[in-house]
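My numbering numbers the first residue of the sequence shown as 1 and each following residue consecutively.
We treat Cβ as the ideally placed atom computed from N, Cα and C, and that holds for glycine.
Quick caveat, the model's predicted, so the values are computed rather than measured.
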Amino acid sequence: MALEISTERDGNVLYQQKESDDQFVDWRGREANPKKHGGIRAAALTCVVGVLINMVFLSNAINFVSYFRLSMHYSPATSANMVTNFMGTSFLLSIVGGFICDSLFTSFTTFITFCAINLVGVILLAIQAQFTHLRPAVDVKPSLFQATILYIGLYAFAAGIAGLNVALPAHGADQLDHNDARLISAFLNWFNFAICLGGLISSTVMVWVEDHIGWNWSFLITVTALSFSLVIFVTGTPFYRHKRPTAGNSLTRIITVLACAARNWKASSNERMGNQYAVSPINRSRADGQSYDKLKFLDKALIGNTISVAHVEETRTFLGLLPIFASTIMMNCCLAQVETFSVVQGSKMNRKLHNFEIPTQSLNVPPLFIMLASIPLCERFQHKSRMLQPLWRIGLGIALASGSMAVAALVEAKRREAAHNDVTLSVFWLGWQFFLLGVCDVLTLGGMLEFFYSEAPSTMRSMCAALSWCSISLGYFLSSVLVSIANSVSGKFGTQWLGGDDLNHMRLDLFYTLLGILNTVNFLNYIYWAKRY
């Protein structure tokens, strides 16, 4: 967003925010023609690619726990932590992709680069799954060489998906008019629909392939799908428009503003600045009605003539997003359980439906169907209902995460009790926690993507959108930390909650209870910051 500055009669500064004229070019570097380049057609193509990208990612991620346990012979706890670390890395590195999109390359170039890295990782995993000598023998842990191949492939995959998660929606949104907020919102809703559709395919078709044909075929299919997505993306080159990267480094600008504000901390609020504006503007307002009076200490960076007003407001806007971002981390820690301990739970339960055995990873299919049906409705009524606005959706998702952990704790307690009586519960008992977490995931991810992207400065849209994925990342890492802390503390008072290989002797129900309590406190924290935003 560009900033206009005008002076009131009393000498105070009035800040107004307007949409800057972003520079768009075609694939040859010439000025983009609105009649030929960009538009809904180009944006829709990114949604198609998004279906394939998310299918590739989730078809591996939701079943990695089983692969690590059954094919690579790691323990359940180690496998769960390996998945959370993989997921955490794949989302955390998205901030790097966002920085590259905003400051170094176009989103198109960023997508091509990270898709190639992703492809290398999936190919390595496919090769390892194809040849038995690259995997350990039964009841034998992987050798150093086998583990090295696994981790290189795994983290090349993680690095690749990190860039794709940021570059693809940014590229799609760049095809549209940023002055039309409803159009951008509609695109992000449909992009979220594409993510859910990819998840549905991974939870049905790909899970069946992994369980009945083998991981080697699953990896081969994902290699093919990823290659196909790259081909589809490239075919849109003639009618894409590309936003030129912003000159300079946004992170450097933010650090410089903070350093200048700290250096001038003791300066008088009435001290005059080199640009003749007052440090403490009183009647400042934005075109959207929000006040610039938050984080007023940043105004002291304007003392002198080294920092522009635009850079101060860019910093103020970015810092204003961070409390909302931080409030979503604990909720994503709860979501991490879908790909980890919930999968292990399902493996210990009765998955028979007549003559058909239900894969545990497919339990999120019903909520995915519901979400796929609800997203078009949400898009249609979003601007008519306050409860469908981004901050409300995020808050509802956080509340549902607490409810899902309470349900998960009760179900696990009942499952353990039944197991001790030599009774195996039906896997359908896990349905409610999968349903609540599935609804929570769609509400919060869609809400975060729209909130962070729409509220971001124009120079930092990709990086701010990456906060959505970074929140997921930190949630997964927090899950690993809490597992370690829970084991360490409980071990001092007897048996570790999550120690050993047998889930029937663990106290997963207590761990779920802990997550529910922590997230409820986090929900109250979120309400505080959301009201202040």
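Residues of its chain near residue i, where Cβ-Cβ distance is below 6 Å and the 5 sequence neighbours each way are ignored
i: Gln276; result: Since pLDDT at Gln276 reaches only 40, below the 50 mark, its modelled position is unreliable, and the value read off the structure follows with that caveat. Around Gln276: no qualifying Cβ.
i: Leu154; result: Phe86
i: Asp288; result: Here the model assigns Asp288 a pLDDT of 43, short of 50, so the residue's position is not dependable, and the following value carries that caveat. Closer than 6 Å at the Cβ level, and outside the excluded window around Asp288, lies no residue.
i: Ser229; result: Val49, Leu52, Ile53
i: Ser462; result: Gly98, Cys101, Asp102, Val166, Ala170
i: Trp469; result: Phe91, Ser94, Asn165
i: Ala466; result: Ser94, Ile95, Gly98, Val166
i: Val338; result: Leu437
i: Phe64; result: Val83
i: Leu391; result: Ala530
i: Gly499; result: Asn487
i: Arg316; result: Leu295, Leu298
i: Ala301; result: Val257, Cys260, Ala261, Ile307, Val312
i: Val343; result: Val65, Thr360
i: Ala194; result: Cys47, Gly50, Val51
i: Leu251; result: none
i: Arg397; result: It is worth fixing the name first, because residue 397 is Gly in this sequence and not Arg. Result list for Gly397: Cys440, Leu443, Thr444, in chain order.
i: Thr495; result: none
i: Asn332; result: Ser471, Ile472, Gly475
i: Ala456; result: Cys464
DSSP state of residue i mapped onto helix, strand, coil
i: Lys266; result: coil
i: His420; result: helix
i: Leu52; result: helix
i: Lys492; result: helix
i: Asn63; result: coil
i: Lys243; result: strand
i: Val140; result: coil
i: Asn350; result: strand
i: Phe477; result: helix
i: Phe131; result: coil
Cβ shell of residue i (< 7 Å), same chain only, five flanking positions each side left out
i: Pro245; result: Asp102, Ser103, Leu104, Phe105, Thr106
i: Trp215; result: Tyr67, Ser71, Ala129
i: Val365; result: Leu200, Ser203, Thr204
i: Gly236; result: Ala42, Leu45
i: Ala225; result: Leu52, Met55, Val56
i: Ala186; result: Glu379
i: Leu550; result: The question about residue 550 has no answer, for the chain in this structure spans 1 to 533.
i: Phe435; result: Pro366, Pro367
i: Phe523; result: Ile398, Ala399, Ser402
i: Val209; result: Trp217, Ser218, Ile221
8 Å contact criterion, which residue i and residue j should meet: CB distance rounded
i: Ala409; j: Asn519; result: No, Ala409 and Asn519 are not in contact; Cβ-Cβ is about 12 Å, not under 8 Å.
i: Ser202; j: Met55; result: 5 Å
i: Asp501; j: Arg416; result: About 15 Å; that fails the 8 Å criterion.
i: Ser471; j: Thr328; result: 4 Å
i: Gly549; j: Leu335; result: Residue 549 is absent from the model: the chain starts at 1 and stops at 533.
i: Ser484; j: Thr84; result: Contact flag wrong, Cβ pair sits at about 11 Å.
i: Ser454; j: Ile184; result: 7 Å
i: Thr222; j: Asn60; result: 6 Å
i: Phe114; j: Gly160; result: 5 Å
i: Ile527; j: Gly431; result: Actually they do not touch by this definition, with Cβ atoms about 29 Å apart.
i: Gly88; j: Phe511; result: Not confirmed; about 18 Å, so no contact.
i: Trp516; j: Met405; result: As written in the sequence, residue 516 is Gly, which differs from the Trp given in the question. Correct: roughly 3 Å between the Cβ atoms.
i: Cys464; j: Leu321; result: 6 Å
i: Gly121; j: Phe145; result: Their Cβ separation, rounded to whole angstroms, is 17 Å, which puts Gly121 and Phe145 out of contact at 8 Å.
Same chain only: Cβ atoms within 8 Å of residue i, ignoring 5 sequence neighbours per side
i: Lys243; result: Asp22, Gln23, Phe24, Thr106, Ser107, Asp174
i: Ala80; result: Val65, Thr340, Phe341, Val344, Val483
i: Val207; result: Ser59, Ile62, Asn63, Pro359, Gln361, Ser362
Query raised in the report: Quick one: complete alpha helix (DSSP H) runs, 4+ long, within the region 153-227?
Result: 181-201, 207-212
Query raised in the report: Counting pairs of beta carbons, one from the region 156-169 and one from the region 91-98, are three or more of them closer than 8 Å?
Result: yes
Query raised in the report: Enumerated in chain order, which unbroken segments of the alpha helix (DSSP H) with a length of 4 residues or greater are wholly contained in the region 289-327?
Result: 309-327
Query raised in the report: Is the region 420-428 touching the region 448-467, taking contact as three or more C-beta pairs under 8 Å?
Result: no
Query raised in the report: Is the region 432-441 close to the region 367-375, with three or more CB pairs under 8 Å?
Result: yes
Report task. For the region 79-110, list the alpha helix (DSSP H) runs that are entirely contained and at least 4 residues long, ordered along the chain. Result -> 94-103
Query raised in the report: Can you give, in chain order, each stretch of the alpha helix (DSSP H) that sits fully within the region 366-453 and has at least 4 residues?
Result: 390-420
Requested in this report: Would you be able to state if there are at least three C-beta pairs under 8 Å between the region 24-33 and the region 232-241?
Outcome: yes
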